[in-house]
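Using the working numbering, the letters of the sequence shown correspond one by one to residues 486 to 871.
Ideal placement from N, C-alpha and C gives every residue a C-beta, glycine not left out.
A short worksheet on the structure shown next.
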Amino acid sequence: MTMDSDTFQNLLTSVRKYVNERLIPLEKEVAENDEVPEDIKHEMAEMGLFGLTVPEEYGGIGLTTEEEVCVSMELGRASPAFRSVFGTNVGIGSQAIVIDGTKEQKLRYLPKIASGEYVTSFALTEPEAGSDAANLQSTARLEGNEYVLNGRKRYITNAPWADVLTVMARTNPDISGHGGISSFIVERTSAGLSFGKPEKKMGQHGAHVCDVIFENCRVPAKNLIGGIEGQGFKTAMKTLDRGRLHLAGVCVGFADRALEVALGYACERKQFKKPISEFQLVQGMLAESKAEIYAGRCMTIDAAKKRDSGQVVATEAACAKMFTSEMCGRVVDRAVQIFGGSGYIADYGVERMYRDARLFRIYEGTTQIQQIVIARNMIRELLDIQ
Ligand code: COS
Numbered sequence: 486m487t488m489d490s491d492t493f494q495n496l497l498t499s500v501r502k503y504v505n506e507r508l509i510p511l512e513k514e515v516a517e518n519d520e521v522p523e524d525i526k527h528e529m530a531e532m533g534l535f536g537l538t539v540p541e542e543y544g545g546i547g548l549t550t551e552e553e554v555c556v557s558m559e560l561g562r563a564s565p566a567f568r569s570v571f572g573t574n575v576g577i578g579s580q581a582i583v584i585d586g587t588k589e590q591k592l593r594y595l596p597k598i599a600s601g602e603y604v605t606s607f608a609l610t611e612p613e614a615g616s617d618a619a620n621l622q623s624t625a626r627l628e629g630n631e632y633v634l635n636g637r638k639r640y641i642t643n644a645p646w647a648d649v650l651t652v653m654a655r656t657n658p659d660i661s662g663h664g665g666i667s668s669f670i671v672e673r674t675s676a677g678l679s680f681g682k683p684e685k686k687m688g689q690h691g692a693h694v695c696d697v698i699f700e701n702c703r704v705p706a707k708n709l710i711g712g713i714e715g716q717g718f719k720t721a722m723k724t725l726d727r728g729r730l731h732l733a734g735v736c737v738g739f740a741d742r743a744l745e746v747a748l749g750y751a752c753e754r755k756q757f758k759k760p761i762s763e764f765q766l767v768q769g770m771l772a773e774s775k776a777e778i779y780a781g782r783c784m785t786i787d788a789a790k791k792r793d794s795g796q797v798v799a800t801e802a803a804c805a806k807m808f809t810s811e812m813c814g815r816v817v818d819r820a821v822q823i824f825g826g827s828g829y830i831a832d833y834g835v836e837r838m839y840r841d842a843r844l845f846r847i848y849e850g851t852t853q854i855q856q857i858v859i860a861r862n863m864i865r866e867l868l869d870i871q
């Protein structure tokens, strides 16, 4: 169900206020401590942020994709670590259940995901299967009324404190490609489940990733997502389509913030007896950034609208993720350039933004994977017509 426009505008306004007044002032502290304070997590739960995309009948806010990307553009303005607190619940951690879960699975898990009682993770990537997701090697063998999972997942966001993970594993070892993969809901308390140590990362401090290890991990058969084996890869791809749009919104928001910071500095900083914003080469950087952010915003909203109208948006989601993450990298790079020497110094903040933005081009599918998705879909469409 779509929210009425006044209620939605109120939500956007309160998220923007929260980002400006509460989150942005805490960015430095979060980066230095590598930790988002507990009270922030509680406030986010109270605001309903964990349940943005969970349907209302399961306790969430049930935003449309278009509404979701508008919210992610607001949230994206703050350090990505903040969004990461609830980002997996809103995006890839919950959507496999929302999109393909059985009624029973939805009833059991979604209300707790929406309230923030359960934090979720999406466990697809493995040490030997990152971009080539259909080649994953983790196994799930049916024994009585349980699946026994073995394998290792890598760089799993929020895994250090995830209560529930959606996990892709191979139920049929005779099928080497995507057809042998199924997806599961795995609870943290499952016997045989353990976690690696949190990784030290280049940026996005405060957001944590680690390995997830399955050693004869026992999962009830009823936790097979959708109750059908062999559908796990497609569930993951559909989940990523929505996740990539969410992330595109985040990239637009983050780029917008970087430009705001760069513009403010350019108007303040004087060289040759006048603000550097009066120099046309600086203006060129500001103008290019503005136009690119506008393009990214329009593209993301258009793709989200198409998804809401029922269209398959694998191509559009890949275009939006690719364009906005690359665009964000360029905008943040220009922000550093406008700051000059200060851009390289930690105290000014843009140095952190530069490191934080680098991950956007990698996670939820690298730019090169988005290119493959886009090109292949174009070729398939052409061959279908012929
Ligand atoms: N929605 C629904 N179904 C989809 C789909 C989508 N978005 N994308 C692919 N499928 C289906 C295909 O239609 C195909 O089904 P059929 O065989 O029944 O026709 C099946 O899934 C396999 O698709 P495909 O042949 O394209 O799979 P490949 O293994 O060749 O490649 C890529 C798929 C490379 C695109 C995929 O592995 C991928 O996205 N990798 C990156 C993973 C990623 O983003 N990792 C980041 C970590 S998760 S945060």
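Residue i Cβ short of 7 Å to ligand 1 heavy atom set
i, result
"K719", "yes"
"M807", "no"
"F607", "yes"
"K723", "yes"
"E849", "yes"
"A799", "yes"
"S616", "yes"
"D726", "yes"
"I857", "yes"
"A692", "no"
"T476", "Only positions 486 to 871 of the chain appear in this structure, which leaves residue 476 out of reach."
"H663", "yes"
"T610", "yes"
"I854", "yes"
"A788", "no"
"A860", "no"
"I577", "yes"
"A644", "no"
"A902", "Limits of the chain in this structure are 486 at one end and 871 at the other, which puts residue 902 out of reach."
8 Å Cβ cutoff, residue i in contact with chain D
i, result
"Q580", "Of the chains in the structure shown, none is chain D; there is only one protein chain."
Per-residue burial, residue i [other beta carbons within 10 Å of its own, 16 or more giving buried]
i, result
"E611", "buried"
"A676", "exposed"
"E836", "buried"
"N505", "exposed"
"Y632", "buried"
"L730", "buried"
"A516", "buried"
"Y839", "buried"
"N495", "exposed"
"L894", "Past the boundaries of the shown model lies residue 894; the chain is included only from 486 to 871, so the question cannot be answered."
"L771", "buried"
"Y603", "buried"
"L868", "exposed"
"C783", "exposed"
"I864", "exposed"
"S499", "exposed"
"P702", "According to the sequence provided, residue 702 is Cys. The question's Pro does not apply to it. With 16 or more Cβ atoms within 10 Å of its Cβ, C702 is classed as buried."
"M807", "buried"
"M812", "buried"
"E866", "exposed"
"Y503", "buried"
"I660", "exposed"
"P658", "exposed"
Whole-Å CB distance - residue i paired with residue j, under 8 Å assumed
i, j, result
"V694", "P683", "7 Å"
"L748", "G850", "Contact flag wrong, Cβ pair sits at about 31 Å."
"V554", "G734", "4 Å"
"A799", "V817", "The pair is not a contact, with the Cβ atoms about 27 Å apart (cut-off 8 Å)."
"I584", "T720", "7 Å"
"V697", "F680", "6 Å"
"C736", "G561", "7 Å"
Are three or more beta carbon pairs between the region 709 to 722 and the region 576 to 590 nearer than 8 Å?
yes
Okay, do the region 765 to 780 and the region 726 to 744 touch, 3+ Cβ pairs below 8 Å being the bar?
yes
In chain order, which alpha helix (DSSP H) runs of at least 4 residues are fully inside the region 811 to 866?
835 to 843
Ignoring anything shorter than 4 residues or poking outside the region 549 to 591, list the alpha helix (DSSP H) runs there in chain order.
550 to 560, 565 to 575, 577 to 585
Measuring CB atoms only, is the region 638 to 658 touching the region 619 to 629, in the sense that at least three cross pairs come out at less than 8 Å?
yes
Stretch pair the region 756 to 764 + the region 794 to 804: three plus CB contacts closer than 8 Å:
no
If we require 3 or more residues per run, which beta strand (DSSP E) segments fall completely within the region 582 to 644?
605 to 608, 624 to 628, 631 to 642
Three CB pairs or more closer than 8 Å across the region 569 to 582 and the region 535 to 545
yes
Runs of beta strand (DSSP E) lying entirely within the region 494 to 544, each at least 3 residues, in chain order
none
Do the region 560 to 579 and the region 816 to 824 make contact, defined as three or more Cβ pairs closer than 8 Å?
no
Uninterrupted alpha helix (DSSP H) stretches inside the region 732 to 803 (no shorter than 4 residues)
765 to 793
Would you mind listing the beta strand (DSSP E) stretches within the region 635 to 717 that are 3+ residues and don't spill past its ends, in chain order?
649 to 655, 666 to 672, 678 to 680, 694 to 705
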